[in-house]
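For reference, each letter of the sequence shown is one residue, going 1 to 484 in UniProt numbering.
A quick write-up on the structure given underneath.
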Amino acid sequence: MHDPLHGIADPSHAVHRSILCVDVQGYGRRTNWDQLAVRSVLFKVLPEALADSGVPPRSLRFEDRGDGALVLVQPDVPKERLAGPFPLKLAASLERHNSGAPPGARIKVRVAVHAGEVIYDAHGVAGSAIVAASRLLDAEPLKDALRASPGAVALITSDRFYEEVVQQCPTCDAASYRSVRVSVKETNTRGWVRLPDVRGEGARILRLLSVHPGTEISVPAAAALIQAPAGETRELLGGLGLDETPVGRFRVPVLDHGFGEAERIAVLRRVLAWYLGTADNARRVLCPDRVIPVLTLPDAPCRPLAFASPDEAHRWCESERLNLIAAARAAADEGQHDIAWRLPLALWTFYFLRSPWTDWIDWIGALGTGLASAEHARDDRGIAYALAGLGHASQHRSNFADAAGFFAASRDVFARIGDRRGETWALHGLHYARRRMQRFRETAVPVPEPMPLSFMPSTSKDGCWGSVGSVGEKGFDAWREASG
Numbered sequence: 001m002h003d004p005l006h007g008i009a010d011p012s013h014a015v016h017r018s019i020l021c022v023d024v025q026g027y028g029r030r031t032n033w034d035q036l037a038v039r040s041v042l043f044k045v046l047p048e049a050l051a052d053s054g055v056p057p058r059s060l061r062f063e064d065r066g067d068g069a070l071v072l073v074q075p076d077v078p079k080e081r082l083a084g085p086f087p088l089k090l091a092a093s094l095e096r097h098n099s100g101a102p103p104g105a106r107i108k109v110r111v112a113v114h115a116g117e118v119i120y121d122a123h124g125v126a127g128s129a130i131v132a133a134s135r136l137l138d139a140e141p142l143k144d145a146l147r148a149s150p151g152a153v154a155l156i157t158s159d160r161f162y163e164e165v166v167q168q169c170p171t172c173d174a175a176s177y178r179s180v181r182v183s184v185k186e187t188n189t190r191g192w193v194r195l196p197d198v199r200g201e202g203a204r205i206l207r208l209l210s211v212h213p214g215t216e217i218s219v220p221a222a223a224a225l226i227q228a229p230a231g232e233t234r235e236l237l238g239g240l241g242l243d244e245t246p247v248g249r250f251r252v253p254v255l256d257h258g259f260g261e262a263e264r265i266a267v268l269r270r271v272l273a274w275y276l277g278t279a280d281n282a283r284r285v286l287c288p289d290r291v292i293p294v295l296t297l298p299d300a301p302c303r304p305l306a307f308a309s310p311d312e313a314h315r316w317c318e319s320e321r322l323n324l325i326a327a328a329r330a331a332a333d334e335g336q337h338d339i340a341w342r343l344p345l346a347l348w349t350f351y352f353l354r355s356p357w358t359d360w361i362d363w364i365g366a367l368g369t370g371l372a373s374a375e376h377a378r379d380d381r382g383i384a385y386a387l388a389g390l391g392h393a394s395q396h397r398s399n400f401a402d403a404a405g406f407f408a409a410s411r412d413v414f415a416r417i418g419d420r421r422g423e424t425w426a427l428h429g430l431h432y433a434r435r436r437m438q439r440f441r442e443t444a445v446p447v448p449e450p451m452p453l454s455f456m457p458s459t460s461k462d463g464c465w466g467s468v469g470s471v472g473e474k475g476f477d478a479w480r481e482a483s484g
């Protein structure tokens, strides 16, 4: 399994490599046939786990060490892939194998990770970095850790690798490493041991998923929530035993997430911002307009989906309709007011194209939530857009008197903050509502309109969900006071 691209390097020149040393626990106590079976599995799962971690085969060189392997990785591969995803991938593969293997064929391995200069010759590779990695592999604390662990992998890194790679990369989970002394032959140094807990990682993913506001979650939304590549997320979710109905959507687990308040809010905001950004991308594809600005948060913590066509955008909105409404409610209830007023507006085009309007009840409720949240945050821009959104919703339900009231209040707020485009948009809606009420003389000169005082009931646990009437009344009173 030697990579022919390496060939035999000039022994007078050292080259930099990342180094993996692997040793199978209890290899010498096995029968010859069991040893062959173990080797077959080891040299299958090692390259697979590396490939799944983003390490291409062309960047690898394997050397057979009888009861293990030496793997050299070219410097074009980011080192954090060896300390981040690789240990979990290898542990997952070995645990799958062990679950169906007889005792003599089960595999537990020690892995040492280091990096440094190496020299090739006709027989293989040499260098002090290779010696250092081998000494780490033989460290008694590493052997003890693997013997005491129910898992299949115990990993150790050199002190330098830990400081320069593991500590600098969030995906390497530096907190899961512990410091140990390594005293082997002439080596006396410090190493860092980690026990990749596949079952613990699965529990963490389940806890993250439980924060999701809806009862089902799609693979792209789950990828944003757990911060994993979309291509890996479906396999991760399937491996957790979650119900998949329909294809590509999984039932959200109901359990105690166990996060502290700050961490829970950060996790929730991540997925809410993803829904907002994706809904906003859908809106701009379904019906590009020059009035409502980009609604995606400028500091969004994850990248939303993009759409190639209106049909694709509409299908996504339809499949996520219930989750989007749940996300708007959760944003208001959890104090994420900048998302709570933006998300319903991002859905305006989708609901306008959708029929019948009797299906709009939840969306109109979300608009009410958005208005209340904008008021709570004292965000005049959000108040103006939320009022206009309620005006359009009322208008398309043929409630033109309500629509005129919302548009009039929206027009005033836009005028007060100097947003002329928004003011013109609100005036357009106001004039249309007045024409439909046959109040033609008022379409030429805008006049104040009374706000509807009880547009919908309040159903929020903290009073933020709904109560549009009281918010609208206050908004109109402020407008009337300002206009004298």
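Idealized CB from N, CA, C, for every residue including glycine.
**Message:** In whole angstroms, give me the CA-to-CA distance for Gly214 and Leu324.
**Reply:** 8 Å
**C-alpha gap between Gly191 and Val180, whole angstroms** = 5 Å
**Rounded C-alpha distance that separates Pro301 from Arg436** = 44 Å
**Request:** Check the DSSP bridge columns for Ser176 and list the partner residues they point to.
**Result:** Note: Ser176 sits in no beta bridge, so no partner.
**DSSP-derived helix/strand/coil call for residue 491** = Because the chain is modelled from 1 through 484, residue 491 falls outside the range shown and cannot be assessed.
**Item:** Endpoints, alpha helix (DSSP H) assigned at Asn98
**Value:** 85-99
**Prompt:** Just reading off the alpha helix (DSSP H) that Ser40 is part of, what are its end residues?
**Reply:** 32-52
**Asked** Per DSSP, Val153 forms a beta bridge with which residues?
**Response** Val109
**Request:** Measuring alpha carbon to alpha carbon, tell me which of Arg135, Arg264, Pro75 ends up nearest Asp159.
**Result:** Arg135
**Prompt:** Could you give the distance in angstroms between the alpha-carbon of Val285 and the alpha-carbon of Ala83?
**Reply:** 40 Å
**Request:** Could you tell me the boundaries of the beta strand (DSSP E) in which Glu63 lies?
**Result:** 60-64
**Prompt:** Below 8 Å between beta carbons: does that hold for Arg17 and Ala115?
**Reply:** yes
**Request:** For Thr296, collect the residues of the same chain with a Cβ closer than 6 Å to its Cβ; drop the 5 residues on either side in sequence, then sort them by chain order.
**Result:** Gly277, Asp280
**Message:** Is the beta carbon of Leu146 closer than 8 Å to that of Lys108?
**Reply:** yes
**Request:** Let me know the secondary structure DSSP gives Thr296 once reduced to three states.
**Result:** coil
**Residue burial classification, Ile417 (beta-carbon count within 10 angstroms, cutoff 16)** = exposed
**Request:** Label Ser410 either buried or exposed according to how many other C-beta atoms from any shown protein chain fall within 10 Å of its C-beta, with 16 as the threshold for buried.
**Result:** buried
**Request:** Consult DSSP for Asn188 and reduce its assignment to one of helix, strand or coil.
**Result:** strand
**Request:** Indicate the three-state DSSP secondary structure (helix, strand or coil) for Ala115 in the structure shown.
**Result:** strand
**Item:** In DSSP terms, what Ile217 is bridged to
**Value:** Phe250
**From Ala332, Ala282, Gly382, residue whose alpha carbon lies closest to that of Leu353** = Ala282
**Asked** Taking the continuous beta strand (DSSP E) assigned at Ala126, which residues delimit it?
**Response** 124-126
**Prompt:** Looking at C-beta atoms only, is the number of pairs between the stretch 70-84 and the stretch 160-177 that lie closer than 8 Å three or more?
**Reply:** yes
**Item:** Ranges of the alpha helix (DSSP H) found wholly within the stretch 397-426, counting only runs of at least 4
**Value:** 400-417
**Cutoff 6 Å; reference Ala112; Cβ partners in own chain excluding five residues on either side** = Cys21, Ala133, Leu136, Leu137, Ile156
**Message:** Rounding to the nearest angstrom, what Cα-Cα distance links Ala224 and Ala372 in this structure?
**Reply:** 27 Å
**Prompt:** Taking just the CA atoms, how far does Ala330 sit from Arg251?
**Reply:** 18 Å
**Asked** Buried or exposed: Ile361, going by 16 or more other Cβ atoms within 10 Å of its Cβ?
**Response** exposed
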